[in-house]
Amino acid sequence: MKSLLHDLQKKQLVWTASSLDQHKERVATGYHKLDKALHGGFPQAGLVHVSSLTGCGELRLVLPALVNMQKDARLCVFITPPHLLNSEFLLNEGIALERVLIIQADSSDEALWSAEQCAKSGACSAVFIWQATLQQLQAKKLELAAIKGQCLNFFFTSTQQQSDNLPVSLSLSLQRQNEQIQVKINKQKVGWPLPPFKVKLPFKSKLGSPMRQGRQASQSNVIALHAKH
Amino acid sequence: MQFDTSSLWIYLYLPNLQLDLQRNEVDTKPSIIYEPRSNQVVQLNQAAQNLGLSLGMGLASASILSNELVITEYKQEFANQALQRLANDLYLVTSDIAIDEPYGIYLRAQNMLKLYGGLAEYWHVLEQVLSKYNFRMYYASAYSVNVAKLLAKHHLRFISDNKEVIRSRLQKCTLQLSDIDEKDIEKLHRVGIKTLDNLLIQPISALASRLSRASVSVVAGLRGEAPVKLCFYQPPETYRDYLELLYDIQLIDKLLPVIKRCLDGLESYLLVRNALALNISLQLHQREHEPIEQVINSALPLYKSADWLDIIALRFESISLSSAVYGITLCCEKIEKADICESDFFSEKSTHVAAMTLLSRLRAKLGKQKVNLLEYCDDYRPENVNQYLSEKQSSGSQLKVSQTKDSSAPSLFNDRPGLLLSEPIPLTSKVTILNGPERISSGWWDDAPIERDYFLAQNTKGQQLWLFRTPQDKWYVHGYFI
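Protein chains in written order, with my numbering: chain A, 29 to 257; chain B, 415 to 896.
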């Protein structure tokens, strides 16, 4: 069976959706292994479902892709993050703060409404939304809105359930294993689900010396103070 | 002020203004406008006329003639507002306008003739503006303000710049409709002057001893000898419009099309001034409660009614009416000059517009305080690093400058957590320390001193935490490395 399909493919008698133009352009994630698994990177637009525990590096995994996209100077919208978003972290990742919008919605309805508005406005390059669960219909809405506005819509959740059956462009499950993150692709639009593989996502400074980068800064401050006197 | 006696003037006479304004509601029924103070019918429509009613009738005799007569009390404000609106519209095509409350408008045609290339062309342009209103209107042109007014009051519709024609028309006029005092008309009658023709033959000195000073000046005006003082209309600086609804509306959804009409007025106001508005205020007057006032802001200056309506619809989703609305006031205090579209037409601009539109929509629906921008403050204490800004301070350009400086500043530490807890929580689970300590001891100068040793740690579930230890050896979680 498989060889038959292979033969047909060779003769170019089988057409696959992955040959559509809209799927050809990908956004490089900045991680070699991940790029390979995702046929070159994240899709240009769509809903990306990331299920992981809070604090295992889920945002750091997707931000490099965003920095690549940010050249067009569109907005990044964070909708109801579970805690305060840290500007120092974003600056460190290379995201200009004047492009960042934070929406603190009271209810899940409000959050989803804002996500949809932002996604379809065309003014945002990425929308991040934290929600416990997402209904089929809501996911479909967000996906279509993201495609309309040419925007990547990341949906973070800590629950593993319902990860496969949502109509999303890409669905990932992340799990931290020491320095590495184990990525499992549950679903992707132009490829097959993939078994877990590992991506290295270390801290920026070397272990044991968090002050190494910092010291420079404090020194420069000291000099500045002296100069004033 | 007007002192010139040789220009051509046009007078528009609108005797049935209040009735015309109501006409949409009561069309075929006989209706009158009644002034209680003098107990007189002051305006009436054709149907009422057919029934035998006439101007100056008392209320009792008028109501005897018909049992289905629609009677409305005379209110001068209605007419005055309508005249203001009319003048406002005319101002776009003609320069010198003077409102003669409550029934008429003076237009100086002389200085417009050159622009339009003749009286006929000028009048054609005026007619186009006036035809929108559908008022019953009489008009006349003359080389004196008073003559034009007197002719128009004779229910004429005549436009001419021929002095002979005007003169012959004037001679047919009666004294009663002129502004001459009634007692003086009586006096003139006694000496045998019964028509205007007779009057104009007499030298003004002969009249001066017989008539009051006011009447003499009227006569002098009619002869084209005395100047008349007029106050020319100036369009208002700010936009303000009140719309009275034809019937009370209780539902917000039903209100929106009406608001659209108000906004259309604003749109044309802004359009001719090449201006945009950043905020407008809407007042919904409720029948039994205090009016609801809403200030609608837009992040991007707008003029199109559809764009405004979009934002207003979102804002109104969260408003509930306590009782039915009978009127809407729309104000726009400040207008912005529209500047020329800068730089690239295709790329930058469209995303900027989209971003601003998005911001207005979000703020209208969720409220200002829920939509925030993030700012970085240069401080070692993690509590002070972040500042959430709502719109006000953020729209300035100085923000951008400080941001760019900050992002290139070398004082950033690596490995700060993406999420900070607003309140540190005691550490309860088992963790392995990955990195640390990093001591932050700061703030002794401003009453919020901290002294903490920060650690990077990972718990058994794989979450990476930002912990700190106080000098009392207590451990807290302060952030997550997302």
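Quick reminder that beta carbons are idealized off the backbone N, C-alpha and C, glycines included.
Where residue i meets chain B, residues with beta-carbon distance less than 9 angstroms
| i | result |
| --- | --- |
| A:N120 | L826, F827, N828, D829 and R830 |
| A:E138 | K779, L780 and K784 |
| A:F231 | N828, D829, L848, N849, L870, Q878 and F895 |
| A:A154 | The premise fails here: A:A154 is roughly 13 angstroms from chain B at the closest Cβ pair, so nothing lies under 9 angstroms. |
| A:A133 | L780 and K784 |
Chain A contact residues for residue i, given Cβ-Cβ distances below 9 angstroms
| i | result |
| --- | --- |
| B:V799 | N114, S115 and E116 |
| B:T874 | Near B:T874 there are no residues of chain A at all, since even the closest Cβ is about 10 angstroms away, more than 9 angstroms. |
| B:T508 | Correct list: empty, because the minimum Cβ distance to chain A is about 44 angstroms. |
| B:L833 | T82, G83, L87, P109, P110, H111, L112, L113, N114 and F117 |
Cβ-Cβ distance between residue i and residue j below 7 angstroms
| i | j | result |
| --- | --- | --- |
| A:S136 | B:L772 | no |
| A:Q178 | A:A93 | no |
| B:Y653 | B:L692 | no |
| B:H488 | B:V456 | Note that residue 488 of chain B is Tyr in the sequence shown, not His. Going by C-beta atoms, B:Y488 is nearer than 7 angstroms to B:V456. |
| B:V799 | A:E116 | yes |
| A:K232 | B:N849 | no |
| A:A154 | A:C104 | yes |
| A:A151 | B:T765 | yes |
| A:S197 | A:K217 | yes |
| A:L170 | A:L75 | yes |
| B:L690 | B:A752 | yes |
| B:L662 | B:S629 | For clarity, residue 662 of chain B is Asp in the given sequence; the question names Leu instead. Contact: no. |
| A:N82 | A:P109 | The sequence as given places Thr at residue 82 of chain A; Asn does not occur at that position. Against a cut-off of 7 angstroms, the Cβ pair of A:P109 and A:T82 comes out as no contact. |
| B:Q700 | B:E707 | no |
| A:F183 | A:F106 | no |
| B:A493 | B:L431 | yes |
| B:Y553 | B:A566 | yes |
| B:G876 | A:R204 | yes |
| B:F646 | B:D510 | yes |
| B:S555 | B:I424 | yes |
Contacts of residue i in chain B (Cβ-Cβ under 8 angstroms)
| i | result |
| --- | --- |
| A:V211 | Under the 8 angstroms cutoff, chain B gives no residues; its nearest Cβ is about 13 angstroms from A:V211. |
| A:L33 | Within chain B, no residue comes near A:L33; the closest Cβ sits about 39 angstroms away, beyond 8 angstroms. |
Helix, strand or coil at residue i [DSSP, three-state]
| i | result |
| --- | --- |
| B:N612 | helix |
| A:P71 | strand |
| B:M471 | coil |
| B:F492 | helix |
| A:H77 | strand |
| B:W423 | strand |
| B:L881 | strand |
| A:E116 | helix |
| B:K751 | strand |
| B:N800 | strand |
| B:G532 | coil |
| A:W220 | coil |
| B:F730 | helix |
| A:K228 | strand |
| B:E681 | helix |
| A:H111 | coil |
Cross-chain neighbours of residue i in chain A, by beta carbon under 8 angstroms
| i | result |
| --- | --- |
| B:G901 | Only positions 415 to 896 of chain B appear in the structure, and residue 901 of chain B is not among them; the question remains open. |
| B:S836 | H111 and L112 |
| B:Y656 | Those within 8 angstroms of B:Y656 in chain A number zero; the least Cβ separation is about 33 angstroms. |
| B:Y790 | S115, E116, L119 and L125 |
Residue i: contacting residues in chain A (beta-carbon distance under 7 angstroms)
| i | result |
| --- | --- |
| B:T842 | Within chain A, no residue comes near B:T842; the closest Cβ sits about 15 angstroms away, beyond 7 angstroms. |
Contact list for residue i against chain B, beta-carbon separation under 7 angstroms
| i | result |
| --- | --- |
| A:S142 | L776 and L780 |
| A:R102 | T765 |
| A:I130 | N786, L788 and Y802 |
| A:Q145 | L772, R775 and L776 |
Cβ-heavy atom distance, residue i to the ligand ZN, below 6 angstroms
| i | result |
| --- | --- |
| B:F646 | Ligands are entirely absent from the displayed structure, and the ligand ZN is therefore not among its contents. |
* Segments assigned alpha helix (DSSP H), at least 4 residues, entirely inside the stretch 560-608 of chain B -> 577-585 and 596-604
Checklist line | Under 9 angstroms (Cβ pairs) to chain B, residues found in the stretch 158-191 of chain A | finding: G177 and F184
Using a beta-carbon distance cut-off of less than 9 angstroms, what residues from the stretch 60-87 of chain A approach chain B? S80, L81, T82, G83, C84, G85, E86 and L87
Which residues, in order along the stretch 699-710 of chain B, keep a beta-carbon less than 8 angstroms from a beta-carbon of chain A?
none
Members of the stretch 191-208 of chain A that neighbour chain B once the beta carbon cut-off is set at 8 angstroms:
Q203, R204, Q205 and N206
Next on the checklist: List, from N- to C-terminal side, the alpha helix (DSSP H) runs of 4 residues or more that fit wholly inside the stretch 613-649 of chain B.
Outcome noted: 618-622 and 627-636
Checklist entry - Which runs of the beta strand (DSSP E), 3 residues or longer, sit entirely within the stretch 125-197 of chain A? => result 128-131, 152-158 and 180-185
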